[in-house]
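Notes follow once the structure below has been shown.
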Amino acid sequence: MKKFLAEIDVMPKKEILDPQGKAVTGSMKNLGLSEIQNVRIGKHISLEIEADSTETANAKVDEACKNLLANLIMESYSFKLEEVA
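Going by numbering that gives the first Met the number 0, the residue at position 55 of the sequence shown is 54; the numbering climbs one at a time, nothing skipped.
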């Protein structure tokens, strides 16, 4: 078995209102950082997985994202997978 590290980003879909991101965008203006706009707030998930191959690890992480880690109605996800010693 090989061990892999998955770094997963889950973000609200562009069509979905992001009230937390909107609040942060407004705060940027108050801090004199009006150049920063359209902030979107998501989550970052890091996990380790043991699998026989990269393909199997990819499939398992994808399944975890679809079934638990992301709400596919409102969120999209992407991930990077790397083998660790």
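Here a beta-carbon is modelled for each residue, glycine too, at the ideal position from N, C-alpha and C.
Nothing here was measured: the structure is a model prediction, and the numbers come from that model.
Quick check: what's the CA-CA separation for residue i versus residue j?
i     : j     : result
Val38 : Leu67 : 25 Å
Lys12 : Ile72 : 8 Å
Lys65 : Lys79 : 15 Å
Ser45 : Leu4  : 7 Å
Leu32 : Gly25 : 10 Å
Asp61 : Asn29 : 39 Å
Using DSSP's beta-bridge definition, name the partner residues of residue i.
i     : result
Leu80 : Ala5
Met10 : Ser75
Judging by CA-CA distance, which residue of the options is the nearest neighbour of residue i?
i     : options                       : result
Val9  : Ala84, Tyr76, Ala58 and Val23 : Tyr76
His43 : Lys1, Glu6 and Glu62          : Glu6
Leu16 : Asn57, Glu47, Phe3 and Ile40  : Ile40
Lys1  : Ser26, Met27 and Thr55        : Thr55
Glu82 : Glu49, Glu34, Gln36 and Gly20 : Glu49
Buried or exposed: residue i, going by 16 or more other Cβ atoms within 10 Å of its Cβ?
i     : result
Asp51 : exposed
Ala22 : exposed
Ala84 : exposed
Ala58 : exposed
Length-filtered (4 minimum) alpha helix (DSSP H) runs lying within the stretch 28 to 77: Restricted to the stretch 28 to 77, the alpha helix (DSSP H) segments that are unbroken, complete and at least 4 residues in length are 53 to 63, listed in chain order.
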